[in-house]
Amino acid sequence: MTTSTAPRTDTRAPVSRHGRRAAPSRTLPKLKTVIIAAAAYLIAFIFLFPYVVMVITALRPQNELQDATYLPSTFAWSNFTNFWTGGLAGNLWVTIQVAAGSTLLVLLVALPAAYYTARHNFRGRTAFLIVVLITQMFQPTAMLVGIYREFYQFGMVDSIWSLILVNGGFNLAFAVWILNAYFSSIPRELEEAAFIDGNGRWGALFRVTLPLAMPGVITALIFTFIAAWNEFVVALTLTTTPEKQPLTVALNSFIGQYEVDWQNLFAGSVIATIPVIILFALIERKVVGGLTAGSIK
Amino acid sequence: MHQKSQSRMGRALTPLLWIGPAVILIAVVVIWPVVVMIQSSFQKISRFGIVQGANGLDNYTKLFEEPDFGGVMFRSLIWVVAVVTLTVVLSLALAQLFNQKFPLRNVARWALIAPWAASVLMTAIIFKWMLDPEAGLINMLRVDLGLLDALGGPEADPLGQASTAMPWLVFVAVFVSLPFTTYALLAGLATIPSDIYEAAKMDGAKKWRVYWSITLPLLRPALTVAALINVMNVFNNFPIIWAMTHGQPGYSTATSTIFMYILKGSDIGESAAMSVVNFGMVVVLTGLFLKVSRWNTEVAR
Chain U
1 MTTSTAPRTD TRAPVSRHGR RAAPSRTLPK LKTVIIAAAA YLIAFIFLFP YVVMVITALR
61 PQNELQDATY LPSTFAWSNF TNFWTGGLAG NLWVTIQVAA GSTLLVLLVA LPAAYYTARH
121 NFRGRTAFLI VVLITQMFQP TAMLVGIYRE FYQFGMVDSI WSLILVNGGF NLAFAVWILN
181 AYFSSIPREL EEAAFIDGNG RWGALFRVTL PLAMPGVITA LIFTFIAAWN EFVVALTLTT
241 TPEKQPLTVA LNSFIGQYEV DWQNLFAGSV IATIPVIILF ALIERKVVGG LTAGSIK
Chain E
1 MHQKSQSRMG RALTPLLWIG PAVILIAVVV IWPVVVMIQS SFQKISRFGI VQGANGLDNY
61 TKLFEEPDFG GVMFRSLIWV VAVVTLTVVL SLALAQLFNQ KFPLRNVARW ALIAPWAASV
121 LMTAIIFKWM LDPEAGLINM LRVDLGLLDA LGGPEADPLG QASTAMPWLV FVAVFVSLPF
181 TTYALLAGLA TIPSDIYEAA KMDGAKKWRV YWSITLPLLR PALTVAALIN VMNVFNNFPI
241 IWAMTHGQPG YSTATSTIFM YILKGSDIGE SAAMSVVNFG MVVVLTGLFL KVSRWNTEVA
301 R
């Protein structure tokens, strides 16, 4: 109203009411900012809180686990070394293989499809993109029995290849859409110019177009990697031998036991969780656009 | 549009070369399982996966006659409606807050993504641990804040009965759904030109009025898509309930995906029938999504 702040849309927070009553002074908008910032920091803390608890629990000595104390008396870093010497390191290796394999598969499959659909108009192009969009809405959970029956028939239960295929297939849509958007945004003329300069079609593609689309490529790769890394339901269904299971399934099987070794479980969870949160932070801004498949402009 | 001189045959086959791998992958991993699933729902299959012949509609009759079927379906509906409604309402508030200018806004926004990036399973396991009736943090807070009797007495196990477990399951589902939804709405807010607000301000419109008649309508496309994606995610959600209650006690906290998974252990045909029912609902929701999403303006450039 009379305050000199930039246009604000805030209505809920009581702060806006304060701001409105205020004369155009210089201090009150500041107070409003302080209150907004405090609320935002508090909410940010709430969102991080479970993961803080996870880290603290992972560092609790075994004998203090059932103590009702907020913090352990000492930090037991040995929980993490126990993780490595215990069987879970093998499950982490499965997770790494599945995540890396799915990422590579998506790269090899999505890149050409996204590039071609962005650059060429051909019969079936629209149909293809719609099919891709539809698969984005499907999740493996809804067709779990079919996936299980299919890979059972292929004799691919307990195989990391089946996990790579399923994770690759269900993350393809995101990659195709985001890469398609990037390729479309790169002017064709740029590629033509490089071609005329004697780079050849492929040279133009690899030296000009692909580097420009790199942010999209990296977003697609990290997104797939995280999704495959976090995947649980398909792995729970398609793996039965404990050593063949990825970390999510192995950690979950801890819970079924009578005495849960929470501190080892959480040492594993920290290893399974913190890297992907950091990775995700790198692509956070671009993910929304890819997930909503161009519906939000 | 592309002026390459190719043979007619080559021109027809070139696209296949580029999109072929994607088509094959989708066919093997997404389409074929649907076929197998529908086929399995009409077969009699032993617990160990041996097909024992056709079963007509028996799998479906058996499923619909399960004493828990009605309850499970009703719970799935409540689950989706409750989680998505709470998520959308809270995300609208969060998006407004995080759209304001304040110092370290990017850091605060960054913290918001943690439940989105982390495995839903891990988050569910942490909450299960925090709800542990003995040493769980939430139990400790209950004691230290003097709320022990108000919140069910010393013996209470929050995940032990449906009446308290369901709200916690919904809470966790909302918690993990908020980051994406908030970010989608923030992206929507960023598309609203600021001169609209300037104009409204000139006209002396009140803030809640501006929000109600300018922000919210302009946010609708983002809101619709985010809500639908949430509906899909929540409907298909498995890890939260599986990690925290396994659908127990009885089937009192099971949704249709949990029910399907439990059935898979005893009768694969019946489980396939449950899957087909679930899948049918997913198809309906996807149709809805295609209708509201503006794919056509995007694709048919």
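Those sequence lines, one after another, are chains U and E. Throughout the first sequence, residue numbering follows UniProt numbering, covering 1 to 297 in sequence. Throughout the second sequence, residue numbering follows UniProt numbering, covering 1 to 301 in sequence. The beta-carbon is built from N, C-alpha and C at its ideal position, and this holds for glycine as well.
Relative to L236(U), the option among E64(U), V176(U), N252(U) whose CA is nearest is N252(U). By the Cβ criterion, the segment 263 to 281 of chain U is in contact with the segment 223 to 232 of chain U, since at least three pairs of Cβ atoms, one from each stretch, lie closer than 8 Å.
As computed with DSSP, V51(E) is found in a beta bridge with I45(E).
A straight-line Cα-Cα distance of about 38 Å links I78(E) and E243(U). In terms of beta-carbon proximity, F42(E) stays away from the interface with chain U, with every pair separated by 8 Å or more. One finds nothing in chain U with a Cβ atom closer than 8 Å to the Cβ of K62(E); even the nearest lies about 15 Å away.
For F180(E), the enclosing alpha helix (DSSP H) has its first and last residue at 162 to 190.
Contact of D67(U) with chain E by beta-carbon distance below 7 Å involves A135. If you draw a straight line from the Cα of M37(E) to the Cα of T181(E), it comes to about 31 Å. Distance check between V174(E) and each of A156(E), G71(E), M260(E), I241(E) places I241(E) closest, using alpha-carbon atoms only. Non-local C-beta neighbours of N91(U) in its own chain, meaning closer than 7 Å and more than five positions away in sequence, comprise Q245, P246, L247, A250, ordered along the chain. When secondary structure is reduced to three states using DSSP, S194(E) falls in the helix class. Using a 10 angstroms sphere on the CB of R109(E), the tally of other CB atoms reaches 16 or more, which defines it as buried.
Between A227(E) and L65(U), the CB-CB gap reaches or exceeds 8 Å. Interface criterion met: the Cβ of Q100(E) is under 8 Å from a Cβ in chain U. Scanning its chain for C-beta atoms nearer than 7 Å, with the 5 sequence neighbours on each side dropped, one finds around S252(E) the residues A162, in chain order. For M202(E), there are no C-beta contacts with chain U under 7 Å, since the nearest C-beta of that chain is about 11 Å from it.
Under the DSSP assignment, W93(U) falls in the alpha helix (DSSP H) whose first and last residues are 88 to 119. In this chain, the alpha helix (DSSP H) harbouring R105(E) covers 105 to 112. With its beta carbon at least 8 Å from every one in chain U, W168(E) lies outside the interface.
Within the segment 106 to 191 of chain U, the complete alpha helix (DSSP H) segments at least 4 residues long are 125 to 137, 144 to 153, 160 to 185, listed from N- to C-terminus. Sixteen is the threshold: since fewer than 16 other Cβ atoms of the shown chains lie within 10 Å of the Cβ of P211(U), the residue is exposed.
The straight-line gap separating the alpha-carbon atoms of T191(E) and Y70(U) is approximately 44 Å. Residue nearest to I24(E) within the set T57(U), I160(U), L163(U), V132(U) is V132(U) (criterion: CA-CA distance). Following the DSSP letters along the chain, one finds I214(E) in no alpha helix (DSSP H), marked with neither H nor E. Apart from sequence neighbours up to five positions away, the residues of its chain that approach G56(E) with a beta-carbon distance below 8 Å are F42, ordered along the chain.
Annotation for W202(U): the continuous alpha helix (DSSP H) segment containing it runs 200 to 204.
Within chain E, no C-beta atom comes nearer than 9 Å to that of W93(U); the closest sits roughly 17 Å away.
The continuous stretches of alpha helix (DSSP H) do not include P67(E), and DSSP gives it neither H nor E. The three-state reading of DSSP puts W79(E) in helix, counting H, G and I together. Look at W18(E) here: in three-state DSSP terms it is helix.
Between the alpha carbons of L238(U) and T141(U) lies a gap of roughly 12 Å. For V29(E), there is no enclosing alpha helix (DSSP H), as DSSP gives it neither H nor E. If you draw a straight line from the Cα of Q248(E) to the Cα of G20(E), it comes to about 45 Å. By the Cβ-count criterion, M214(U) is exposed, with fewer than 16 other Cβ atoms from all chains shown falling within 10 Å of its own Cβ.
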